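See structure below.
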Amino acid sequence: MVEDDLRSSIGSKHPLVVAGFSGLGYADPAHLDRQFREILNQKIKKHGRHNLIVVAGATDEGIGRVYDLAREEGIATRGIVSSEAQRWGTKISPSCQHVIYVKRPEDDWNVTSPEGDSYMVRAALGGSFLAFGGGEVAVTEATEALNKGIRTELFPEFEPDPKKVEARRAKEKAKALEKGTDYKDFNATPLRDFVQQRSRGRLKSTPAVDWLTGC
């Protein structure tokens with residue numbers, strides 16, 4: 001069902017699959033807007049706006065702002081998200097034209113196939129996978145995209161909203177205290193670490209990494 005929906009939604013368009021921070025937001029949303037607009041302009045010149053489609057995680061928070069930017073340019077949009085978004089009443093971006101819900105167990109927000117492959121990465125086949133900062137999910141998806149020979153563009157300079165990071169830390173500390181377990185600080189910028197490791201510690205100019213492993 002999800003596979004069929006993906007194929008019919010994307011069709012012959014060139015997909016731009018976008019990952020990044022979601023609930024943690026962005027420290028500098030305006031920078032994200034500028035960077036994504038620049039990429040859209042490049043892709044429009046190469047493929048034509050009506051031959052493009054932007055695919056992200058459907059929700060309104062954080063990286064979800066790319067939906068508004070895409071629609072401003074007349075570019076089609078799609079979203080892929082766990083069925084948990086329906087259960088929790090998560091706000092979907094009004095600029096996401098069609099949402100594909102992946103049925104998952106309770107509290108499971110992964111969007112993977114029964115074989116363990118990411119539907120986000122499958123959507124990027126024949127197109128591009130882009131990540132503007134991001135957490136462990138973005139790293140997992142970027143790794144899979146690279147391994148499948150998909151054009152992968154990573155922008156590790158983006159940081160999450162520091163207030164939301166502190167709120168997350170406070171919540172995790174309270175949860176650990178309640179359970180009587182040791183608190184282990186979470187990494188707010190896993191994609192940056194991933195890029196540093198792949199680049200042997202040398203961050204380049206924006207995009208800090210542009211691994212072109214596909215067409």
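Sequence positions in the sequence shown follow full-length UniProt numbering and run 1 to 215.
We put the beta carbon where it would ideally sit given N, CA and C, even for glycine.
It should be emphasised that the depicted structure is a prediction, and the values quoted were computed from it without experimental measurement.
Quick check on residue i: does DSSP put it in helix, strand or coil?
i           : result
residue 222 : Within the shown structure, residues of the chain are numbered from 1 to 215, placing residue 222 beyond reach of any answer.
His47       : helix
Ala58       : coil
Pro190      : helix
Leu24       : coil
Asp4        : helix
Pro105      : coil
Pro15       : strand
Given residue i, which residues of its chain have a CB within under 8 angstroms of its CB, disregarding the five upstream and five downstream residues?
i      : result
Glu115 : none
Pro19  : Here residue 19 turns out to be Ala, not Pro, going by the sequence shown. Contacts found: Ala56, Gly57, Ile63, Met120, Phe129, Leu130, Ala131, Phe132, Gly134, Val137, Ala138, Glu141 and Ala142.
Asp107 : Glu84
Thr206 : Residue placement at Thr206 is flagged as unreliable, the pLDDT there being 43, under the threshold of 50; a coordinate-derived value is accordingly withheld.
Around the C-beta of residue i, are 16 or more other C-beta atoms found within 10 angstroms, so that it is buried, or is it exposed?
i      : result
Lys13  : buried
Pro162 : exposed
Ala124 : buried
Leu154 : buried
Asp117 : exposed
Tyr67  : buried
Ser8   : exposed
Gly135 : buried
Met120 : buried
Ser82  : buried
Pro29  : exposed
Pro190 : buried
Tyr183 : exposed
Arg192 : buried
Leu32  : buried
Cα-Cα, which of the options is closest to residue i?
i      : options                           : result
Gly127 : Arg151, Glu157, Val137 and Asn110 : Arg151
Val111 : Gly57, Arg168, Asp5 and Arg192    : Gly57
Ala188 : Glu159, Gln197 and Phe194         : Glu159
Ile10  : Ala145, Lys46, Phe21 and His50    : His50
Asp4   : Ser22, Tyr101, Gly89 and Asn41    : Tyr101
His98  : Gly180, Leu6, Leu146 and His31    : Leu6
Gln196 : Ala174, Glu61, Ala19 and Glu157   : Glu157
Lys166 : Gly48, His31 and Leu24            : Going by the sequence as given, residue 166 is Glu instead of Lys. Minimum Cα distance to Glu166 is reached at Leu24.
Gly74  : Ser95, Ile80 and Gln35            : Ser95
Asn147 : Arg122, Arg87 and Leu32           : Arg122
Val17  : Ile39, His31 and Tyr26            : Ile39
Gly79  : Val2, His47 and Glu144            : Val2
Phe21  : Lys164, Gly180, Lys175 and Ala170 : Lys164
Ile44  : Tyr26, Glu72, Leu32 and Lys179    : Glu72
Using a Cβ-Cβ cut-off of 6 angstroms (strictly less than) and excluding sequence neighbours within five positions of residue i, which residues of its own chain qualify?
i      : result
Ala70  : Val54 and Thr77
Ser93  : Asp60, Gly64 and Tyr67
Asp185 : none
Phe194 : Val139
Pro15  : Ile53, Val55, Ala123, Ala124 and Gly127
Excluding sequence positions up to five away, which residues of its chain have a Cβ less than 7 angstroms from the Cβ of residue i?
i     : result
Arg37 : Leu69
Where in the region 112–170 do unbroken runs of the alpha helix (DSSP H), each at least 4 residues long, occur, reported from the N-terminal end onward?
-> 119–124 and 136–147
Residue ranges of each beta strand (DSSP E) within the region 62–99, 3 or longer = 76–82
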